[in-house]
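Step one of this worksheet: look at the structure below.
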Amino acid sequence: MSIIPIAARQAKPQPFARTLMPRDCGTGSCEVDVLASARHEAELDVEGFTRFALDQGWGDGLPLVPPTEARVRAFLAAHDRFPDEAICTLPPANAVLTVEKIAINAVMAGAPAGSLELLIAMALAIAEPDFELYGVNTTTAPVFPAFVANGPVRTRLGIPCGHGCFGGAASPAVAIGRAMRLIIRNVAGQVAGVTSQTTFGSPGRIAGVLVGEWEERSPWAPLAERRCGIAGDAVTSFGAMGTMNVLDTTSQAPSDFVEMIGRSLIYPATNCLSPAMAYGEVMVAINPVWAEILAPAFPDIADLQAALWREAALPGESLQARHREQLEAQGRIRADGRIYLTPEPKDILLFVCGGTGGLHATVLHSFGSCLAQTQPLAGPRA
Amino acid sequence: MAEGFVLDPTGAAGQDNASPGPDAGPLCGRHVGIRVDRIWRAWDWISAHWAAELRAAGARVSFWRSTDRSGAEGERQSRELEAWLATLDGAILGLANCGSCTGWTIRDAIAAANTGIPTIAIATRNFEVFAHELAARGGRSGLRLHVLPYPLNERARGEVEEIGRAHFAPMLAAWGASLTRQERAA
Numbered sequence: 046m047s048i049i050p051i052a053a054r055q056a057k058p059q060p061f062a063r064t065l066m067p068r069d070c071g072t073g074s075c076e077v078d079v080l081a082s083a084r085h086e087a088e089l090d091v092e093g094f095t096r097f098a099l100d101q102g103w104g105d106g107l108p109l110v111p112p113t114e115a116r117v118r119a120f121l122a123a124h125d126r127f128p129d130e131a132i133c134t135l136p137p138a139n140a141v142l143t144v145e146k147i148a149i150n151a152v153m154a155g156a157p158a159g160s161l162e163l164l165i166a167m168a169l170a171i172a173e174p175d176f177e178l179y180g181v182n183t184t185t186a187p188v189f190p191a192f193v194a195n196g197p198v199r200t201r202l203g204i205p206c207g208h209g210c211f212g213g214a215a216s217p218a219v220a221i222g223r224a225m226r227l228i229i230r231n232v233a234g235q236v237a238g239v240t241s242q243t244t245f246g247s248p249g250r251i252a253g254v255l256v257g258e259w260e261e262r263s264p265w266a267p268l269a270e271r272r273c274g275i276a277g278d279a280v281t282s283f284g285a286m287g288t289m290n291v292l293d294t295t296s297q298a299p300s301d302f303v304e305m306i307g308r309s310l311i312y313p314a315t316n317c318l319s320p321a322m323a324y325g326e327v328m329v330a331i332n333p334v335w336a337e338i339l340a341p342a343f344p345d346i347a348d349l350q351a352a353l354w355r356e357a358a359l360p361g362e363s364l365q366a367r368h369r370e371q372l373e374a375q376g377r378i379r380a381d382g383r384i385y386l387t388p389e390p391k392d393i394l395l396f397v398c399g400g401t402g403g404l405h406a407t408v409l410h411s412f413g414s415c416l417a418q419t420q421p422l423a424g425p426r427a
Numbered sequence: 003m004a005e006g007f008v009l010d011p012t013g014a015a016g017q018d019n020a021s022p023g024p025d026a027g028p029l030c031g032r033h034v035g036i037r038v039d040r041i042w043r044a045w046d047w048i049s050a051h052w053a054a055e056l057r058a059a060g061a062r063v064s065f066w067r068s069t070d071r072s073g074a075e076g077e078r079q080s081r082e083l084e085a086w087l088a089t090l091d092g093a094i095l096g097l098a099n100c101g102s103c104t105g106w107t108i109r110d111a112i113a114a115a116n117t118g119i120p121t122i123a124i125a126t127r128n129f130e131v132f133a134h135e136l137a138a139r140g141g142r143s144g145l146r147l148h149v150l151p152y153p154l155n156e157r158a159r160g161e162v163e164e165i166g167r168a169h170f171a172p173m174l175a176a177w178g179a180s181l182t183r184q185e186r187a188a
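These protein sequence lines are chains A and B, in that order.
Our numbering puts the first residue of the first sequence at 46, with every later residue one more than the last.
Our numbering puts the first residue of the second sequence at 3, with every later residue one more than the last.
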């Protein structure tokens with residue numbers, strides 16, 4: 046065997062932003078506007094409904110907003126979508142995710158009405174076969190889909206790009222991320238100990254992770270533009286095993302930072318070095334202060350990826366024999382005797398966000414053969 | 003407290019086929035496929051022993067190895083699996099010994115069962131209930147499953163091979179395979 050470079054499926058079309066037609070039925074509802082979901086009688090206060098939802102297996106343990114027809118209709122009314130539109134199929138339940146199911150789960154999570162198109166793009170991004178959602182949802186690993194938003198949607202929905210963007214910043218992104226987690230529970234059918242064998246789980250499985258790229262402070266093009274040429278609203282999904290912090294209080298020159306970040310990316314038990322697969326990806330969030338220091342030395346972000354990649358390697362002999370032998374059998378120990386974190390520099394995905402205090406990078410390692418996917422948001426006709 | 007109606011947030015499951023599929027029947031002259039993976043050495047050792055037993059009974063045996071299931075490599079794997087299944091008279095698929103690998107074992111086993119060939123998936127004890135759950139969610143709740151002990155991969159090779167020997171006949175029984183007197187003697 047040998048290292049298999051990561052390449053997208055050949056049949057995969059380039060994502061494009063769909064144009065939505067106005068959906069105005071006048072003052073009454075349209076005939077095709079029927080909400081088809083089963084109705085259940087329940088207490089309509091938050092405490093009573095949350096108990097009911099937990100009994101039904103719909104809840105995550107946090108308080109839930111009762112998804113009454115009025116609330117779901119109000120959510121849908123802000124958009125040009127019919128409720129019966131099928132968006133995608135989500136494993137392992139292989140159930141169809143409709144606009145109506147997105148709206149119901151979003152209402153339960155407390156997500157803002159304007160978030161439907163973002164949630165649809167997030168769902169499409171994890172339903173892509175290359176995201177390998179079947180494995181993500183069933184594995185013993187703690188993996189969860191993390192999302193990076195680009196474009197004006199960040200400001201429209203208040204998705205944080207700065208201090209505490211990965212958690213702690215008060216923002217609607219928490220409820221939007223939670224809505225996606227409820228969709229994964231209630232439609233994809235991911236239930237810990239039943240359809241998911243996750244050994245430990247992760248805090249990211251409660252409200253997810255939804256951050257914005259701080260494009261205005263980034264010296265490079267936005268992530269979605271670099272990945273797919275999407276200049277406007279878009280979201281990138283990434284199967285994250287968690288977040289790992291990189292602290293650097295001593296570096297000064299760009300090369301110092303590259304060495305510190307790059308060497309921190311690799312450790313023997315990272316999923317990228319699992320003998321189960323020949324490849325993996327890693328995502329690195331660079332704070333705006335470091336981005337400013339790095340940019341003069343790396344005006345082309347591909348050169349920064351290459352520099353980090355060269356540092357993110359371990360000597361083959363540093364691993365225990367059994368582990369090394371399996372990687373050797375895959376051809377992962379290269380001619381220089383080193384094992385590189387990813388097949389190629391492009392598999393280190395970089396974007397800019399975080400507070401202006403600097404000092405830290407946040408790293409997300411990928412799971413299995415789950416590959417990051419970027420989807421544009423649909424918008425109204427201009 | 004005020005009561006009223008709320009909308010159901012769950013997605014509808016697809017139709018279920020509760021049939022275990024056909025029995026494997028006599029194996030002499032049949033082409034049996036064994037699915038292996040890249041993770042579990044113990045499953046390589048057991049499946050190698052079972053292949054030898056099947057060949058001794060007159061079956062032709064081929065292997066297919068599941069590797070990476072995304073990107074261009076995943077696309078190639080999907081085509082390869084489909085082509086391989088089309089050549090088989092029966093399939094043994096393993097190993098359901100972790101979360102995602104149980105997922106893929108069962109998914110591939112459902113694909114095999116849906117072609118109409120006698121199919122059995124192999125799981126270890128800790129993933130037995132999970133494998134049945136995924137088979138049901140995948141629309142084949144009756145999928146045949148044979149269960150090996152857990153832990154398995156952590157054991158020494160000799161011990162694993164002994165388990166393989168001990169489990170060959172029970173696996174055949176679960177698969178609905180029957181050996182002729184001549185095959186048994188071999």
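Here a beta-carbon is modelled for each residue, glycine too, at the ideal position from N, C-alpha and C.
Per-residue burial, residue i [other beta carbons within 10 Å of its own, 16 or more giving buried]
i	result
residue 136(A)	buried
residue 339(A)	buried
residue 398(A)	buried
residue 312(A)	exposed
residue 205(A)	buried
residue 22(B)	buried
residue 362(A)	exposed
Residue i at chain A interface by Cβ criterion, 9 Å
i	result
residue 95(B)	no
residue 103(B)	yes
residue 177(B)	no
residue 73(B)	yes
residue 153(B)	no
residue 77(B)	yes
residue 39(B)	yes
residue 150(B)	no
residue 8(B)	yes
residue 45(B)	no
residue 147(B)	no
residue 30(B)	no
residue 161(B)	no
residue 57(B)	no
residue 144(B)	no
Proximity test, Cβ basis, 9 Å: residue i and chain B
i	result
residue 49(A)	yes
residue 138(A)	yes
residue 130(A)	no
residue 369(A)	no
residue 239(A)	yes
residue 167(A)	no
residue 330(A)	no
residue 272(A)	no
residue 403(A)	no
residue 135(A)	yes
Span of the alpha helix (DSSP H) around residue i
i	result
residue 200(A)	198-202
residue 79(B)	73-87
residue 150(A)	144-154
residue 169(B)	159-177
residue 134(B)	130-139
residue 244(A)	Run containing residue 244(A): none; DSSP gives neither H nor E here.
residue 145(B)	Segment: none, residue 145(B) is in no alpha helix (DSSP H) and carries neither H nor E.
CB contact check: residue i to chain E, cutoff 9 Å
i	result
residue 100(A)	Reference to chain E is not applicable here, since the protein chains of this structure are A and B.
Beta strand (DSSP E) segment containing residue i, residue limits
i	result
residue 5(B)	5-9
residue 64(B)	62-67
residue 195(A)	189-195
residue 49(A)	Premise fails: residue 49(A) is in no beta strand (DSSP E) and is neither H nor E.
residue 409(A)	405-410
residue 421(A)	418-421
Does the segment 89-96 of chain B come into contact with the segment 23-43 of chain B, if we say contact requires no fewer than three beta-carbon pairs (one atom in each stretch) closer than 8 Å? yes
Three CB pairs or more closer than 8 Å across the segment 268-276 of chain A and the segment 413-422 of chain A: The segment 413-422 of chain A and the segment 268-276 of chain A touch, with three or more beta-carbon pairs separated by less than 8 Å.
Just list the beta strand (DSSP E) runs in the segment 337-365 of chain A, keeping only unbroken ones of 3 residues or longer that don't cross its boundaries, in chain order. Within the segment 337-365 of chain A, the complete beta strand (DSSP E) runs of at least 3 residues are 358-360.
Counting pairs of beta carbons, one from the segment 281-291 of chain A and one from the segment 247-258 of chain A, are three or more of them closer than 8 Å? yes
Any chance you could list the alpha helix (DSSP H) runs of at least 4 consecutive residues sitting entirely within the segment 74-134 of chain A, in chain order? For the segment 74-134 of chain A, whole alpha helix (DSSP H) runs of length 4 or above, ordered along the chain, are 91-101, 114-122.
Jot down the residue ranges of each uninterrupted beta strand (DSSP E) in the segment 91-124 of chain B, minimum 3 residues, whole runs only, in chain order. 92-98
Three or more C-beta pairs below 8 Å linking the segment 49-61 of chain B and the segment 70-79 of chain B: Taking 8 Å as the limit for Cβ pairs, the verdict is that the segment 70-79 of chain B does not touch the segment 49-61 of chain B.
Meets three-Cβ-pair contact criterion under 8 Å: the segment 170-178 of chain B and the segment 148-159 of chain B: yes
Unbroken alpha helix (DSSP H) runs of length 4 or more, entirely within the segment 279-347 of chain A: which are they? 299-310, 333-339
Using a Cβ distance threshold of 8 Å, determine whether the segment 211-219 of chain A contacts the segment 174-185 of chain A, with at least three qualifying pairs required. no
Hey, is the segment 317-333 of chain A in contact with the segment 409-418 of chain A, meaning 3+ C-beta pairs nearer than 8 Å? Contact between the segment 317-333 of chain A and the segment 409-418 of chain A is established, with three or more Cβ pairs separated by less than 8 Å.
Are the segment 5-20 of chain B and the segment 131-148 of chain A in contact at 8 Å, needing three or more beta carbon pairs? yes
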